[in-house]
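Chains as they are written, first to last, in the working numbering: chain A, 16 to 273; chain B, 16 to 273; chain C, 16 to 273; chain D, 16 to 273.
The following block contains the structure:
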């Protein structure tokens with residue numbers, strides 16, 4: 016909207032705060048996505064081939080937690096650097112089409128369109144489970160799924176079975192809506208607290224400073240981010256060091272060292 | 016130097032390239048730091064309390080690989096957000112002084128000054144091992160160690176034993192120089208290839224464009240970064256997807272989705 | 016009962032089958048215990064100090080999966096070899112009393128009596144969560160908890176809050192009954208299938224052979240165990256090798272090799 | 016030898032002691048095998064496809080540590096239960112022949128014959144690295160490798176390059192001898208101490224009791240095992256609990272509990 020000059024007032028992109036997206040998107044989405052799928056299906060994660068579409072902050076969280084439960088995680092990506100990170104982090108990386116042939120559970124976390132396409136669903140195995148934990152329900156091409164189905168029923172809450180013309184059964188969870196909100200309770204409060212703190216402090220900042228702010232997208236100030244982090248650590252009973260004056264000076268200098 | 020107007024020509028900060036610091040600093044330093052300490056000492060990592068000073072890209076790599084070998088990893092940090100990430104990633108976080116009391120192996124990767132200070136060494140246990148894998152040898156306050164020692168000998172190559180006035184023996188590895196270079200062979204070629212590719216492509220860019228560049232610090236162009244990533248993936252036999260035109264359009268829009 | 020001559024008929028100890036206790040106890044209990052606690056409390060596991068009482072097959076599963084979700088896991092044990100395994104596997108080991116002082120979530124999986132005792136609960140922090148996933152509800156000394164409480168209420172299903180005389184609130188989950196059955200759906204079918212297969216094949220064996228069997232405890236035949244494993248692998252589409260005649264002969268010999 | 020009545024004196028199978036094979040075979044072999052291969056080749060483990068032949072105690076150690084360094088681990092097995100454990104532990108399982116086609120590093124830890132056969136080497140990729148960390152050098156069919164090679168040279172210490180008739184280069188490490196002994200320093204002392212303690216205590220036991228012992232294979236007494244474990248924990252400054260009399264009684268009873 017900013018690029019299209021469609022913004023009519025200043026906005027702070029709270030999601031860009033490190034204490035928001037490092038934590039909420041990674042640890043919150045990671046845990047609650049698995050939680051939602053477990054509650055909907057009661058599958059065993061250990062030994063299961065799980066395809067994670069997207070290796071952004073949410074994708075890292077989901078991939079990491081799925082591996083933590085014993086799953087065999089396959090990552091798909093369109094960004095070469097992220098794909099390479101996934102490989103080096105120990106995950107298998109392949110194209111969406113190849114992943115579709117071998118995966119058992121599919122989770123989209125790209126924020127994009129048709130991360131799971133009709134072409135993918137055409138080659139999935141009987142019994143494949145498909146869920147979205149990214150953004151809108153368009154991450155899965157649901158119309159394509161409906162078009163290839165000869166019948167459709169709810170087998171239990173949040174689990175819809177689509178039977179294809181070639182007799183395979185594909186299971187769409189939570190109508191393709193965010194599965195952690197649809198089938199579980201969303202993020203734990205212990206991670207939302209930081210997101211809400213950023214929102215509250217950002218609103219306070221806007222109230223105080225909006226007079227001097229043009230319409231546009233602003234970032235959460237670094238100081239706010241660090242302050243939220245410090246408060247969170249303190250609430251967990253964890254103390255950390257501060258730089259001494261000497262250390263601060265050294266860090267800013269370029270003349271010392273051999 | 017740029018802030019001090021001391022730069023006399025344009026510089027490209029290759030270390031800022033994602034295909035450099037995500038990989039070289041994390042996976043390269045992570046593995047080779049452990050390798051250096053293993054070759055110097057042949058310690059068993061499993062069950063050992065390892066203190067990692069700093070949770071930047073190098074610190075993440077070292078902490079992750081040490082845990083991968085079964086170590087109990089403690090992280091120290093001065094940045095609240097990074098400290099919190101370390102906690103959420105499953106590592107114990109405490110102050111340097113507390114860590115000094117319980118640690119068995121200490122690894123500095125801050126790039127800073129005196130990450131291991133005299134105060135820390137004063138409370139370390141008999142047998143503590145101290146190594147640096149960050150930047151200069153000042154990350155460990157070696158003069159403070161020398162000042163508290165009554166004797167000093169090399170027990171094997173790269174392992175110096177300092178006996179303190181209270182009879183404890185502290186082991187400094189590789190004279191506090193980068194332990195992966197001192198006692199092992201540095202980063203594997205499979206990670207340096209990307210760093211060198213960035214350097215070569217950056218030099219080419221400077222040769223072609225230096226006429227239009229003022230003295231200052233420039234970043235590696237995103238396209239170069241992605242190209243290095245793509246080439247690396249191809250060399251590993253890994254294919255990834257590209258966005259379709261529709262997906263690209265969706266990603267740039269703000270009007271779709273419910 | 017066998018030791019007391021109290022058995023009146025032959026029994027096959029299905030739980031001793033490798034395809035039972037390696038899988039059901041470890042992967043089943045591991046996942047479903049976390050699932051039960053998550054459903055009851057919606058806590059974030061990442062960064063949380065979780066005390067696992069017992070490092071048998073169930074304890075290994077719970078400890079492994081809790082770490083997989085980012086928790087900081089502390090193990091308590093009475094068996095020195097198991098305690099040492101837990102240490103080498105990367106877990107912190109300490110006495111129950113020390114663990115009680117620092118833990119945030121407590122899970123008993125010993126099959127024993129009062130793994131969480133009154134002495135432990137006397138030093139737990141405000142907000143501590145206590146659950147059992149071992150055997151009977153006596154793993155937690157609930158009468159001791161009741162005796163130290165001035166009030167008691169259900170804050171949500173499966174979560175009972177006990178307020179102590181010194182003002183701390185301790186949360187007992189599922190009345191100390193198996194939390195994976197109380198608050199979740201028990202083990203996934205993908206792990207129970209092997210347990211049930213062992214039970215069915217053992218019953219078949221008893222029907223066929225009981226005439227020749229004295230009262231006593233029998234193990235599941237190794238062949239049955241391997242057969243259940245082979246069938247399970249086949250159902251997952253996984254093929255493995257068999258020894259060639261040469262390899263078999265080599266394995267049984269003691270004369271070859273230098 | 017016992018089965019063939021070829022034993023002429025009593026033997027204590029020290030390797031069967033839990034404080035031996037749980038630790039030496041798993042944590043010792045796990046770490047030192049990677050160490051040996053790293054010293055010989057300086058490969059980056061992150062992102063590399065590593066095939067581990069055998070999922071016994073040594074295989075578990077190697078697989079676990081390779082994953083801990085970021086490798087993508089494939090396990091081959093002939094035992095269905097162990098294969099299934101590997102799957103549930105998060106490893107890919109396939110036949111040796113399939114693994115040979117996709118692996119980059121091959122490590123045998125079966126104690127058997129020709130775990131890597133000529134058929135396997137015939138389909139390996141150019142650049143494949145082959146090492147043994149199990150028992151004798153016959154785990155790799157070296158004569159078959161020599162037969163398919165048109166030339167052969169040492170490219171660096173412990174690394175022999177075999178060029179096949181179809182132009183592929185296969186790298187055999189340490190002549191197929193135990194790679195942790197050939198190219199590294201063997202197990203760390205922190206794990207051998209327990210193995211040696213078992214050996215010393217077993218010799219003492221034999222000296223005291225041989226008069227009453229027939230030729231045959233004996234196990235290390237459980238008490239010795241627990242004592243070694245307790246001493247080791249104490250040396251690490253770790254305290255654990257003991258069962259109370261009540262707890263002991265409960266454990267042995269079968270009448271309590273609901």
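Cβ coordinates follow ideal geometry from the N, Cα and C atoms, glycine included. None of these values were measured; they are calculated from a predicted model.
Under the Cβ distance rule, residue 182(B) does not count among the residues neighbouring chain D, no pair being separated by less than 8 Å. Within a 10 Å sphere around the beta-carbon of residue 60(C) sit 16 or more other beta-carbons, which makes this residue buried. Residues of the stretch 23-49 of chain B that bring their beta carbon within less than 8 Å of a beta carbon in chain A comprise 33, 34, 37, 38, 41, 42, in sequence order. The CB of residue 200(C) comes closer than 8 Å to the CB of 57 in chain A, given here in chain order. In the three-state reduction of the DSSP assignment, residue 47(C) falls in the helix class, which pools H, G and I. When Cβ-Cβ separations below 8 Å define contact, residue 80(C) makes no contact with chain D. Chain-order list of chain A residues neighbouring residue 257(B): 93, by C-beta distance under 9 Å. Scanning 23(D), 111(D), 67(D), 87(D) for the CA closest to the CA of residue 133(D) turns up 111(D).
Taken through DSSP and simplified to helix, strand or coil, residue 175(B) comes out as strand. In summary, residue 16(B) is exposed, with fewer than 16 beta-carbon neighbours lying within 10 Å of its beta-carbon over all protein chains present.
Taking C-beta separations shorter than 8 Å and ignoring five residues to either side along the sequence, the partners of residue 89(D) in its chain run 64, 65, 66, 67, 106, 107, 108, 109, 114, 117, 118, following chain order. If you draw a straight line from the Cα of residue 38(C) to the Cα of residue 42(D), it is about 22 Å long. CA-CA distance, residue 31(A) to residue 137(D), rounds to 52 Å.
Each of 237(A), 151(A), 92(A), 192(A) was checked against the Cα of residue 33(A), and the nearest Cα belongs to 237(A). Among the CB atoms of chain B, none fall inside 8 Å of the CB of residue 212(D). Close partners of residue 87(A) in chain D (Cβ separation under 7 Å): 105, 107.
Comparing alpha carbon positions, the residue from 54(D), 197(D), 176(D) closest to residue 47(B) is 54(D). If you draw a 10 Å sphere on the C-beta of residue 167(B), you find fewer than 16 other C-beta atoms in it, and that means exposed. Not one beta carbon of chain B lies nearer than 8 Å to the beta carbon of residue 174(C). Distance from the CA atom of residue 22(A) to the CA atom of residue 124(A), rounded to whole angstroms, is 26 Å.
About 11 Å separates the beta carbon of residue 84(C) from that of residue 82(A), a gap too long to meet the 8 Å contact definition.
The C-alpha of residue 193(B) lies about 25 Å from the C-alpha of residue 26(B). In the three-state reduction of the DSSP assignment, residue 20(B) falls in the coil class. Counting only residues of its own chain and dropping the five nearest sequence neighbours on each side, residue 35(A) has a CB closer than 7 Å to the CB of 29, 209, 210, 213. Listed in chain order, the positions of the stretch 61-75 of chain C with a beta carbon within less than 7 Å of a beta carbon of chain B are 61, 62. For residue 265(C), no beta strand (DSSP E) run applies; the uninterrupted alpha helix (DSSP H) run containing it begins and ends at 260-267, by DSSP.
Residues of chain C with a Cβ closer than 9 Å to the Cβ of residue 129(D) are, in chain order, 259, 261, 262, 265. In the DSSP assignment, residue 66(D) falls within the beta strand (DSSP E) that extends over 64-68.
Beta-carbon to beta-carbon, residue 96(C) and residue 52(C) are separated by about 28 Å, too far to satisfy the 8 Å threshold. For the options 221(B), 127(B), 73(B), 241(B), the alpha carbon positioned closest to that of residue 232(B) is the one of 221(B). With respect to the 8 Å criterion, residue 77(B) and residue 56(B) are not classified as neighbours on the basis of their beta carbons. Shown here, residue 231(A) sits in a strand according to DSSP, grouped into three states.
Of the candidates 206(A), 228(A), 40(A), 70(A), 70(A) places its Cα closest to the Cα of residue 93(A). In this structure, residue 98(B) and residue 131(A) do not form a Cβ contact; the two beta carbons are roughly 37 Å apart against a cut-off of 8 Å. Spatial neighbours of residue 129(B) in its own chain (CB-CB distance under 6 Å, excluding positions within 5 residues in sequence) are listed in chain order as 156. Nearest to residue 164(A) by alpha-carbon distance, out of 186(A), 150(A), 223(A), is 186(A).
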